[in-house]
RNA sequence: GCCGGUGUGGCGCAGCUGGUAGCGCAGGCGACUUGUAAUCGUCAGGCCGUGGGUUCGAGUCCCACCACCGGCUCCA
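Residue numbers (the working numbering): 340 to 1029.
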């Protein structure tokens, strides 16, 4: 910030300064020139689109005087940085509007976020926002925009800042935080401090855009509220102050803001697109699964079509695991409390477990939230030799977790689910190699399900309550890091994100519209083998402790099902599609041929059926398309005569007429066997990414 | 768990300030016999999420609970 202090560069009237532009060229401008002045010199269009300026790597207001010799870049509204400025400024206007409508409201923080912004408030007398309020607030915001109020930056000492915000407890708390963390900020405080407008040491900055409203803020902001036109308030929500559920719950308003009406429109359209591929909606439309209220929150039933897709997913996984040296085991859904006491789960996660049932004179039984202790008992059922390692135990295990009522979400967050869970017991010296081959296996298999865009995340030792020595954590984390780095994928760090007993590496996948999902996780666990006293007899006849690797590939079958459903927008690739081909006889008297064709398709190993001619062909074609059947085979007079079929490939713009029956069957068989994502799903993946 | 919203036939929705439920799709039946995104007719289907309350009268108002949606917190 020092190089950008307002005094430098002001050489007095008549002088001039030189600044360097991003392309390396230099410009001579009168001293005292601002970012806005510079943009105007460069071009009218740039001047119009400019929202901020970067001076020597620091974002600043357009109104700031440029220092001599600075590297300067003008930030335009249609860039991600520019939008963040627009959104941040719009958040201020939101706060201003709320304060004028609810005198005495306390405003907390209001940062830009992906695609928008929010602002947190505490309303006087414990009042709450309601949906209808959004309209009023937005109306007031538009008035403020019409008034085109300038955003004026001010800097304050800590003392004067505290005085300025004397009646704003959250602002005071932020300023006090700035004062006490001078210099080095703690992890997690970044957002807060960014809001704080921490300026030069011991100072804070604020922006005033009318006599009535000033907000503590680092900036930069657009020059005036008139720049903020294309925004919309979207929803109200509760949010805890500083993200801590033990602190006050504030009232949050979310909004979105863009550089143009068109960009706003496109954003709203993207939201609609995401809604169209929402797995909960597709689950109903395609008759795949449901959540009967009679069963309970977060507990799904899979209908025949969904059950079929699921079974195909599982079968393929099972086969691949068998080929990769896994042994299949099963374990019960409930167990005596002692097992989870030994494992430590009751100590750590009791709140997330269903409460126990008391049987046999006070014996407590729990529904299992994890499979690992069971697999451990299988390992421990007899003495193990080093010759048996690595021992890979796999189970599609049903687990039950008591998720809090507000977090249950479709198939992605449920209370009962099936994990494709495996535990690998190996010698310590086998650990690194095992993890590497495991990661390769996982990525290969995920690719077979049609996902292809991955990155890895390494979650390290959490703060606070953990078990195990530092050396153990270090070794396990290093093994994961080495394996992760060898995959040729981006590896991002998630500091403190591990479980209490183990670090983990997770595979994140981007879907067809660019959203990321955490899928597979691999955890190296040195703790449970110890808690359960696991051993094996080594080659030199010593008793050694094995390492345990936890891993789930889908995570949960239900969740992975949902991810694929959304990724494909319901148009499963042929190998996964519940119905692969449907035969449509043009008239009733083609029924016999149609029946034979369907039988041939079935004999070729395909899932096929006939849709009889009780309705016009157009209606049946339409239904087939809406059901996203990969192949629709039309059979009429011409086809009966020539031994052909009219082939409608899902996603293709027009049908192919006169395809020989044998060729049609062969093509479908090939498509299904290849587990190809195209051609039959091509039409489902044309949406632009985000 | 917390904040806001929603809950009407299988699905999507309408039902104004309280007067006793309606539409489209889907479904059954009948006719139509169809060459590429909705043939016509007809019939049936509703404890208006659940339980209390106010009222002469509640889908409409009040309370509690349940479920779902959007967030927050959490996610072994």
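For each residue, glycine too, the CB sits at the ideal point set by N, CA and C.
Who does residue i pair with in a DSSP beta bridge?
| i | result |
| --- | --- |
| residue 757 | 737 |
| residue 785 | For residue 785, which the question treats as bridged, DSSP gives no partner whatsoever. |
| residue 389 | 415 |
| residue 590 | 460, 577 |
| residue 875 | 883 |
| residue 556 | Answer is none; residue 556 lacks a bridge partner. |
| residue 730 | 764 |
| residue 841 | 838 |
| residue 970 | 920, 988 |
| residue 703 | 697 |
| residue 629 | 640 |
| residue 832 | 797 |
| residue 483 | Its beta-bridge partners do not exist; DSSP assigns none. |
| residue 455 | 452 |
| residue 892 | BP columns for residue 892 are empty, so no partner. |
| residue 571 | 595 |
Roughly how many angstroms lie between the CA atoms of residue i and residue j, to the nearest whole one?
| i | j | result |
| --- | --- | --- |
| residue 1010 | residue 814 | 45 angstroms |
| residue 620 | residue 838 | 33 angstroms |
| residue 441 | residue 580 | 19 angstroms |
| residue 586 | residue 513 | 15 angstroms |
| residue 964 | residue 989 | 7 angstroms |
| residue 608 | residue 572 | 16 angstroms |
| residue 995 | residue 985 | 6 angstroms |
| residue 971 | residue 698 | 56 angstroms |
| residue 997 | residue 911 | 26 angstroms |
| residue 850 | residue 618 | 13 angstroms |
| residue 705 | residue 730 | 27 angstroms |
| residue 629 | residue 562 | 52 angstroms |
| residue 932 | residue 913 | 24 angstroms |
| residue 476 | residue 469 | 11 angstroms |
| residue 937 | residue 645 | 22 angstroms |
| residue 675 | residue 745 | 29 angstroms |
| residue 855 | residue 489 | 39 angstroms |
| residue 702 | residue 790 | 46 angstroms |
| residue 526 | residue 823 | Legend: pLDDT at residue 526 = 41, less than 50; position of this residue unreliable, no value from coordinates given. |
| residue 508 | residue 515 | 10 angstroms |
| residue 902 | residue 694 | 30 angstroms |
Under DSSP, the beta strand (DSSP E) around residue i begins and ends at which residues?
| i | result |
| --- | --- |
| residue 861 | 855-864 |
| residue 469 | Taken as a continuous stretch (DSSP letters only), residue 469 belongs to no beta strand (DSSP E), as it is neither H nor E. |
| residue 357 | 355-359 |
| residue 508 | Looking at the DSSP string, residue 508 is not in any beta strand (DSSP E); the run it does join, the alpha helix (DSSP H), is 508-519. |
What is the C-beta distance between residue i and residue j, in whole angstroms, given that I count them as a contact (C-beta under 8 angstroms)?
| i | j | result |
| --- | --- | --- |
| residue 544 | residue 493 | 7 angstroms |
| residue 909 | residue 967 | 5 angstroms |
| residue 280 | residue 920 | No information on residue 280 is available, as it lies outside the stretch 340 to 1029 that the chain covers here. |
| residue 718 | residue 764 | 5 angstroms |
| residue 437 | residue 444 | 5 angstroms |
| residue 414 | residue 398 | 7 angstroms |
| residue 612 | residue 852 | 7 angstroms |
| residue 596 | residue 567 | 7 angstroms |
| residue 569 | residue 424 | Contact flag wrong, Cβ pair sits at about 14 angstroms. |
| residue 606 | residue 811 | Not a contact, Cβ separation roughly 47 angstroms. |
| residue 777 | residue 888 | 7 angstroms |
Among the residues of its own chain, which have a CB less than 7 angstroms from the CB of residue i, if the five just before and after it don't count?
| i | result |
| --- | --- |
| residue 1051 | Given a span of 340 to 1029 for the chain in the structure shown, any question on residue 1051 remains unanswerable. |
| residue 821 | 771 |
| residue 1024 | Caution applies to residue 1024, whose pLDDT of 39 falls short of 50 and renders its modelled position unreliable; the value that the coordinates give is listed next. Correct list, in chain order: 851. |
Can you give me the Cβ contacts of residue i inside the same chain, cut-off strictly under 8 angstroms, excluding the 5 residues immediately before and after it?
| i | result |
| --- | --- |
| residue 785 | 793, 846, 848, 858, 859, 892 |
| residue 688 | 708 |
| residue 686 | 680 |
| residue 975 | 924, 925, 926, 929, 985 |
Looking only at its chain, what residues have a beta carbon closer than 6 angstroms to the beta carbon of residue i, apart from the 5 residues adjacent to it on each side?
| i | result |
| --- | --- |
| residue 522 | Unreliable positioning characterises residue 522 in this predicted model, as indicated by a pLDDT of 49, which lies under 50. The coordinate reading is nonetheless provided below. None. |
| residue 372 | 405 |
| residue 578 | 459, 589, 591 |
| residue 553 | 545, 547 |
| residue 962 | none |
| residue 833 | 796, 798 |
| residue 926 | 952 |
| residue 409 | 358, 394, 395 |
Would you mind reading off the limits of the alpha helix (DSSP H) that contains residue i?
| i | result |
| --- | --- |
| residue 1040 | The first residue shown for the chain is 340 and the last is 1029, placing residue 1040 beyond what the model contains. |
| residue 652 | 643-662 |
| residue 941 | 930-942 |
| residue 948 | First-last for residue 948: 947-949, but that is the beta strand (DSSP E), not the alpha helix (DSSP H). |
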